[in-house]
Ligand SMILES: Cc1cc2nc3c(=O)[nH]c(=O)nc-3n(C[C@H](O)[C@H](O)[C@H](O)COP(=O)(O)OP(=O)(O)OC[C@H]3O[C@@H](n4cnc5c(N)ncnc54)[C@H](O)[C@@H]3O)c2cc1C
């Protein structure tokens, strides 16, 4: 007979979405258990760690030097033949303000959840959901080698890209290969790069995706790339592309690889429904990564916070039915669905662009003053230069 615990809300996964959900649910006065399958929160890393300062502030997180590796003043976008567009952080559209130290950032978020009263169980992997009368009423957990049951009125699946909890609970988290980016990244040292700019390299160096150099200070950087799943023909292909990318750049060629991470991001514009009776999905589990950039920290923080707040509210009202939890689904859609769809449409165009078109596109926009230029003008400039981009498929 497995050991059994009881709580109001169990959150599966102590990444940004899960820790935010646990904190905000606990702040709502309910009893929360946060589960993490790994032995250490934030490790191993599967992220390039870029995030915008504005995006942290908007979810109530004050930037803290303890978990910031590098302050970034903007992004350099490089076309396949080397045309450059430099966009500063203060200008519209730039997403990067910091390269984080996610080992410490994720722990900081979990500490905040614990300070609000959430109990954290480490090496506690969810291995199934408990359902009664068609409603989710807890999870089965493998904890330090033994099986446990955690009974809860509501389960929040925040278990990331591979989320099984949401799927076990009946939510549709399926992805087409064209909505998956397969990523590989090295942490490298000894690089001669511009330390205060993140760099994105477009085109066939990473088919259907892009390559990145995100500086972490003192000549170190996360150097990686993502390839669209439907363009990957064999395993290990991402490594061949990444090694070629590094070899082709004299600033990177002499660098040393200190760590390697493999992972994937979804490029789907959100799950079709993120709640069921007694279940919610947040962060990557709800497929709310920006489909164009692959940046998911911001929306993980936002959906985590919303899920925690709505779950606590529903517990207090004594109603965790799908109808009641739908408040969360409506909330995140009203704030981010338009942007997700817009980015997804752009991604759909981007993945089929030739190197030639990307070269022209960067040339078309690079001389504009981004300080003053707004979205419509930027679009008009790109349309004038490359009308083919704006034809419907
Ligand atoms: C190579 C790469 C580079 C990226 N670069 C960036 C970037 O620069 N900027 C950006 O914004 N985003 C980036 N992302 C995306 C970003 O990492 C994610 O969007 C973000 O981490 C999502 O947070 P989350 O809390 O939803 O999921 P995660 O951070 O994945 O956290 C999920 C947690 O759940 C735990 N877990 C999983 N299964 C279970 C289980 N069964 N039981 C208990 N715990 C479980 C995991 O161990 C993990 O701790 C990148 C992703 C990859 C793969």
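Numbering (the working numbering), first residue to last: 1 to 393. Beta carbons are placed, not taken as given, at the ideal position from N, Cα and C, and that holds for glycine. The structure presented is a predicted model; accordingly, all values stated were derived computationally and were not measured.
Quick check: what's the CA-CA separation for residue i versus residue j?
i	j	result
residue 72	residue 206	24 Å
residue 41	residue 146	20 Å
residue 132	residue 343	39 Å
residue 393	residue 155	With a pLDDT of 45 at residue 393, under the threshold of 50, the predicted position of this residue should be treated as unreliable, and no value is reported.
residue 231	residue 360	23 Å
residue 203	residue 153	48 Å
residue 218	residue 81	28 Å
residue 14	residue 62	20 Å
residue 113	residue 140	22 Å
residue 7	residue 99	36 Å
residue 354	residue 79	11 Å
residue 76	residue 38	35 Å
residue 52	residue 137	37 Å
residue 4	residue 339	42 Å
residue 117	residue 10	13 Å
residue 17	residue 301	5 Å
residue 224	residue 287	21 Å
residue 213	residue 87	15 Å
residue 275	residue 310	11 Å
residue 277	residue 264	29 Å
Where do the ends of the alpha helix (DSSP H) carrying residue i lie?
i	result
residue 176	Premise fails: residue 176 is in no alpha helix (DSSP H) and is neither H nor E.
residue 57	53-58
residue 299	297-317
residue 351	From DSSP, residue 351 is part of no alpha helix (DSSP H); its letter is neither H nor E.
residue 165	165-168
residue 364	355-365
residue 240	237-247
Any chance the CB of residue i is under 7 Å from a heavy atom of ligand 1?
i	result
residue 158	yes
residue 46	yes
residue 298	yes
residue 183	yes
residue 243	no
residue 214	yes
residue 254	no
residue 165	yes
residue 14	yes
residue 322	no
residue 7	no
residue 161	yes
residue 31	no
residue 126	yes
residue 284	yes
residue 261	yes
residue 28	no
residue 231	no
residue 208	no
residue 70	no
residue 17	yes
residue 36	yes
residue 3	no
residue 289	yes
residue 276	no
residue 97	no
residue 145	no
residue 113	no
residue 199	no
residue 364	no
What span of residues does the beta strand (DSSP E) with residue i cover, start to end?
i	result
residue 205	Looking at the DSSP string, residue 205 is not in any beta strand (DSSP E), and its letter there is neither H nor E.
residue 31	First-last for residue 31: undefined, no H or E at that position.
residue 75	74-78
residue 250	Segment 250-253 is the alpha helix (DSSP H) holding residue 250; no beta strand (DSSP E) there.
residue 222	220-228
residue 5	3-12
residue 215	210-217
residue 281	279-281
residue 88	84-88
Give me whichever residues DSSP pairs with residue i in a beta bridge.
i	result
residue 50	99
residue 143	124 and 146
residue 325	None; residue 325 has no bridge partner.
residue 182	227 and 264
residue 22	Answer is none; residue 22 lacks a bridge partner.
residue 71	98
residue 61	Answer is none; residue 61 lacks a bridge partner.
residue 43	Note: residue 43 sits in no beta bridge, so no partner.
residue 151	6 and 138
residue 289	Paired residue(s): none; residue 289 is not in a bridge.
Would you say residue i reaches chain B, if we count a Cβ-Cβ gap shorter than 8 Å as a contact?
i	result
residue 51	Note that chain B does not occur in the displayed structure, where there is just one protein chain.
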